[in-house]
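For reference, the structure discussed in these notes is given below.
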Amino acid sequence: MRSLYVFVFFCLFAAALGGNCPGNEVYSDCQVPVSCRLTCENYKNPPTICPAVCVSGCACPSGLVQKAAGNCVPSNQC
382 MRSLYVFVFF
392 CLFAAALGGN
402 CPGNEVYSDC
412 QVPVSCRLTC
422 ENYKNPPTIC
432 PAVCVSGCAC
442 PSGLVQKAAG
452 NCVPSNQC
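So for the sequence shown, the numbering used here puts the first residue at 382; every next one is plus one.
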């Protein structure tokens, strides 16, 4: 029964986070892990080995990369 409460709490927390992404990031229930996301530092040589898993949370929209300051920009603005 405790597992059910934990699951419900996680789902409610994830739903609440959905509208609270910083800057121009977007929320998704299924995106690549942080270590595999494109940044200004790695977009020219992106990670090649990434686990095939989904993670929930905020990330840059498709076509944008993350700057060190945290905001998402087109790669030509890095």
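Built from N, CA and C at the ideal position, the CB exists for glycine as well. In this text the structure is predicted, and so the values were computed from the model without any measurement.
Taking its Cβ as the centre, do 16 or more other Cβ atoms sit within 10 Å of residue i, making it buried, or is it exposed?
| i | result |
| --- | --- |
| Val446 | buried |
| Gln458 | exposed |
| Cys441 | buried |
| Cys411 | exposed |
| Cys453 | buried |
Beta-carbon within less than 8 Å of residue i's beta-carbon, same chain only, minus the 5 sequence neighbours each way: which residues are those?
| i | result |
| --- | --- |
| Val434 | Pro414 |
Taking DSSP as the reference, what is the three-state secondary structure of residue i?
| i | result |
| --- | --- |
| Cys439 | strand |
| Val413 | coil |
Less than 7 Å between C-beta atoms, sequence neighbours within five positions excluded: which residues of the same chain meet that for residue i?
| i | result |
| --- | --- |
| Cys417 | Pro428, Cys431 |
| Lys448 | Cys421, Val454, Cys459 |
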